[in-house]
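Take the sequence shown: its letters are residues 0 to 158, numbered as in numbering that gives the first Met the number 0. All remarks here apply to the structure that follows.
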Amino acid sequence: MSDEEIEKAILQDPAEIFSRIMDMKYEQLQKKRETYDISDYEDLIYYQDGNTVSPDIKEAIALSMRFLESALEEDKYKELMKENARKRCRWIIENNRYFLIRDKDWDKVFKNIEENENVFSRYYKLFRAKLNDEDTLNMCIAFLINDELYDYTKILSTL
């Protein structure tokens with residue numbers, strides 16, 4: 000930058016600069032929304048087979064699932080897998096700190112655990128995670144209740 004360009008930048012109104020930056024970000028977001036079916040973490044809950052997912056979200060899904068899988072090595076998981084479905088469901092209830100979902104979604108989770116002991120791994124790893132930011136929480140809620148997305152995550156985590 001030349002001295003003249005630096006001086007011009009210094010003299011600009013901060014509100015005008017902020018407004019231009021926000022406009023640019025908005026345009027980028029709009030372009031992303033036009034390009035991909037899933038362009039935001041909040042959209043993941045609506046994922047359907049065949050939807051296009053933005054590359055940054057795909058990468059976040061793959062990394063998150065690989066990390067979450069490590070929870071299945073814990074002694075507590077192995078211990079719970081020796082228990083009956085009722086005790087596993089009770090563990091889910093006792094360890095829920097983040098998930099505020101509809102009753103019908105809870106019913107589905109518990110029914111899945113009761114009917115197929117192998118499905119508990121899906122839920123265990125989600126309830127062991129610390130979900131301290133909104134994007135991660137939105138992603139994990141979608142993993143919890145959207146079967147098509149969860150199946151897609153298994154494919155992404157192997158890439």
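All residues carry an ideal CB built from backbone N, CA and C; glycine is no exception.
Just checking my contact of residue i with residue j at CB under 8 Å: how many whole Å lie between their CB atoms?
i, j, result
"K129", "A70", "With a Cβ gap of about 11 Å, K129 and A70 do not count as contacting."
"N95", "F142", "14 Å between Cβ atoms; not a contact."
"I56", "I140", "Between I140 and I56 the Cβ distance is about 14 Å, and since that is not below 8 Å, they are no contact."
"M138", "S63", "6 Å"
"I60", "T152", "5 Å"
Run the CB neighbour count on residue i, radius 10 Å, all protein chains shown included, and call it buried at 16 or more, exposed below.
i, result
"Y46", "buried"
"T51", "exposed"
"I154", "exposed"
"S1", "exposed"
"T34", "exposed"
Closer than 8 Å by C-beta to residue i: which residues in its own chain qualify, once you throw out the five before and the five after it? Chain order, please.
i, result
"I215", "Given that the chain is displayed from residue 0 to residue 158, the structure contains no residue 215 and the question cannot be resolved."
"L79", "K86, R87, W90, F119 and Y123"
Measure from the alpha carbon of residue i to the alpha carbon of each residue in the options, then state which is nearest.
i, options, result
"S156", "D2, L43 and E68", "E68"
"N145", "E26, E114, E41 and E3", "E41"
"D134", "E26, D2, E72 and D39", "D39"
"L160", "E3, G49, N115 and E73", "Outside the displayed range of the chain (0 to 158) lies residue 160, so it cannot be described from this structure."
"K81", "K110, L10 and E116", "E116"
Excluding the 5 residues flanking residue i on each side, which residues of the same chain have their C-beta closer than 7 Å to its C-beta?
i, result
"Y165", "It is not possible to answer for residue 165, since the shown part of the chain is limited to 0 through 158."
"E26", "none"
Leaving aside the five residues before and after residue i along the sequence, list all residues of the same chain whose C-beta is less than 6 Å from its C-beta, in chain order.
i, result
"R65", "S156"
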